[in-house]
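Under this note's numbering, the residues of the sequence shown are numbered 2 to 381, in order.
Using N, Cα and C, we set each Cβ at its ideal position, and we do this for glycine too.
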Amino acid sequence: MSKFNSVEEVKNELIRILNKVVKDKKSGKEKINVVLLYAFNGTGKTRISELITEEEENKCLFYNAYVEDYFTWNNREKEFLIDMNADLFRIIRTQELENDIIDNFKSLVETKLEPVFDIPDAKITFQLATGDSNSTQNVKISKGEESMFIWSVFYSILNLSLEMLDEELENRSCEDFNLLRYIIVDDPVSSIDDTKIIAIVDQFTEYLNRLKNVDIKNDNKLSILITTHHPLFFNIMQNYFKNKSNDKFNAEYYVLMRGENNTLELNEQRGDSPFAYHLSLIEELVTVVNEDNIKKYHYNILRSLFEKTSNYLGYTNWADCISDEEDKSLIIKEVNQNSHNRLSDIEYCELSEEDKELFKRVFKRFLEDFNWKSKEKVKE
Numbered sequence: 002m003s004k005f006n007s008v009e010e011v012k013n014e015l016i017r018i019l020n021k022v023v024k025d026k027k028s029g030k031e032k033i034n035v036v037l038l039y040a041f042n043g044t045g046k047t048r049i050s051e052l053i054t055e056e057e058e059n060k061c062l063f064y065n066a067y068v069e070d071y072f073t074w075n076n077r078e079k080e081f082l083i084d085m086n087a088d089l090f091r092i093i094r095t096q097e098l099e100n101d102i103i104d105n106f107k108s109l110v111e112t113k114l115e116p117v118f119d120i121p122d123a124k125i126t127f128q129l130a131t132g133d134s135n136s137t138q139n140v141k142i143s144k145g146e147e148s149m150f151i152w153s154v155f156y157s158i159l160n161l162s163l164e165m166l167d168e169e170l171e172n173r174s175c176e177d178f179n180l181l182r183y184i185i186v187d188d189p190v191s192s193i194d195d196t197k198i199i200a201i202v203d204q205f206t207e208y209l210n211r212l213k214n215v216d217i218k219n220d221n222k223l224s225i226l227i228t229t230h231h232p233l234f235f236n237i238m239q240n241y242f243k244n245k246s247n248d249k250f251n252a253e254y255y256v257l258m259r260g261e262n263n264t265l266e267l268n269e270q271r272g273d274s275p276f277a278y279h280l281s282l283i284e285e286l287v288t289v290v291n292e293d294n295i296k297k298y299h300y301n302i303l304r305s306l307f308e309k310t311s312n313y314l315g316y317t318n319w320a321d322c323i324s325d326e327e328d329k330s331l332i333i334k335e336v337n338q339n340s341h342n343r344l345s346d347i348e349y350c351e352l353s354e355e356d357k358e359l360f361k362r363v364f365k366r367f368l369e370d371f372n373w374k375s376k377e378k379v380k381e
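So, in structure tokens, the structure goes:
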């Protein structure tokens, strides 16, 4: 555990980690450094991303709350306004990214809602197809849909950056990424429900899959910082980087929290160490159980809890955390079925009542057997 007196000091430590040189033992090629940071509220995680972008300036491509400030919803006219002076808008305009943004947005919302760009006036309206080639114009969108649209803008620019890095310097149609060094993603999940969070993660991991197979030209060295206060987002991203097929990334995992005397504590989460964020995961699972809102992906979260608990206690298998033998075989079957699916495949799959009852029973017994404490109790 490392202690720091300010957000500035935490930022410096993260930059140091991101700049480490780690090479693949077989190929000798340098790996892409990744820091996945779970930050509790009030620890200044968004300020960290801001400080890095201020210090590194043209070397960063970032998504955080400040990117959202480039967009303003005009409630009277029901239109989304973009800051015409922002580099983000200039890239959209000069690289003609409108169609890419529309496609990425539609793949997230999976409805008939469609953005309509007015580039000269730097605004976007939304229309809703009603059938028979008709549509409702200037539709008001939700806060979650606003967030997903802004993510779609960032994601389109992120994909463009990868296309440019795959080209020799003299062949690039866009020079904005010639110095790109850091990709920073800070909580693209505000006002979004869990199923949409999974959809965003699915898009982001598609980008990462392309990135690991690209031969980046002109010696551009990339590092990635991902920060979040959302346990589900952290959990899924961690599972992605732990997959052996993603060994081109050198991923490290940290938890940032407040310490005594207003200090900040940065804890690296290695192998078998118990995760502080698991307390947040337990709170989330208690909530979904009590609200009877259990989805298939919650089984994967439950497995993560079992794995860390079993490793910490020296068990040989995560299923040893399940005391009932009959339930153990059922849980193993359910988890194995889900773990082999793509995120998007399990995103909207509803559980049967029988599977929900199994989840509730095993989770409640797990809390009782290992004396886990939670703010909210599981309802009888």
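Residue 34 is a Cβ neighbour of residue 224, given a cutoff of 7 Å.
In terms of Cβ geometry, residue 251 and residue 32 form a close pair [threshold 7 Å]. The C-beta of residue 46 has 16 or more other C-beta atoms within 10 Å across all chains shown, which makes the residue buried. Shortest Cα-Cα distance from residue 129 to any of 140, 122 and 119 involves 140. When 248, 357 and 314 are compared, the shortest CA-CA separation from residue 295 is found for 357. The Cβ atoms of residue 237 and residue 290 do not sit closer than 7 Å to each other. Short of 8 Å from the beta carbon of residue 88, and not among the five residues preceding or following it, lie these beta carbons of its own chain, in chain order: 177. At a Cβ-Cβ threshold of 7 Å, residue 255 and residue 239 do not count as neighbours. Within the same chain, 80 and 82 come within 6 Å of residue 124 by CB-CB distance, once the 5 residues on both sides are set aside. Beta bridge pairing from DSSP links residue 253 with 36.
If one requires a minimum length of 4 residues, the alpha helix (DSSP H) runs lying completely within the region 190-245 are 195-212 and 232-243, in chain order. Counting every other CB atom within 10 Å of its CB across the protein chains shown gives residue 121 a total below 16, marking it as exposed. By DSSP's assignment, residue 186 forms a beta bridge with 64 and 227. For the set 247, 362, 211 and 218, the Cα lying nearest the Cα of residue 25 is the one of 247. Each of 287, 228 and 351 was checked against the Cα of residue 66, and the nearest Cα belongs to 228. Secondary structure note for residue 144: its alpha helix (DSSP H) is the uninterrupted segment 144-166. The C-alpha of residue 258 is placed about 32 Å away from the C-alpha of residue 362. Cα atoms of residue 329 and residue 235: separation of roughly 26 Å, rounded to the nearest angstrom. In this chain, the beta strand (DSSP E) harbouring residue 135 covers 135-137. Sixteen is the threshold: when 16 or more other Cβ atoms of the shown chains lie within 10 Å of the Cβ of residue 54, as they do, the residue is buried.
Your pair residue 8 and residue 226 does not check out as a contact, with CB atoms roughly 14 Å apart and the cut at 8 Å. Per the C-alpha coordinates, the member of 233, 244, 179 and 231 positioned closest to residue 209 is 244.
In the DSSP annotation of this structure, the continuous segment of the alpha helix (DSSP H) that includes residue 54 starts and ends at 46-57. For the pair residue 158 and residue 217, the CB atoms are not nearer than the 7 Å cut-off. The beta-bridge partner set that DSSP reports for residue 87 is empty. Rounded to whole angstroms, the separation of the alpha carbons of residue 135 and residue 37 is 45 Å. Here the alpha carbons of residue 353 and residue 49 stand approximately 43 Å from one another. Between residue 153 and residue 105, the C-beta spacing is below 7 Å. The Cβ atoms of residue 62 and residue 151 do not sit closer than 7 Å to each other. Within the same chain, 257, 258, 259 and 265 come within 7 Å of residue 44 by CB-CB distance, once the 5 residues on both sides are set aside.
Annotation: residue 308 to residue 326 spans about 17 Å, alpha carbon to alpha carbon. Closest by C-alpha distance to residue 73, out of 148, 97 and 20, is 148. For residue 269, the enclosing beta strand (DSSP E) covers residues 265-269. As computed with DSSP, residue 117 is found in a beta bridge with 126. Selection 321, 182, 263 and 337 evaluated against residue 299 yields 337 as nearest (Cα-Cα).
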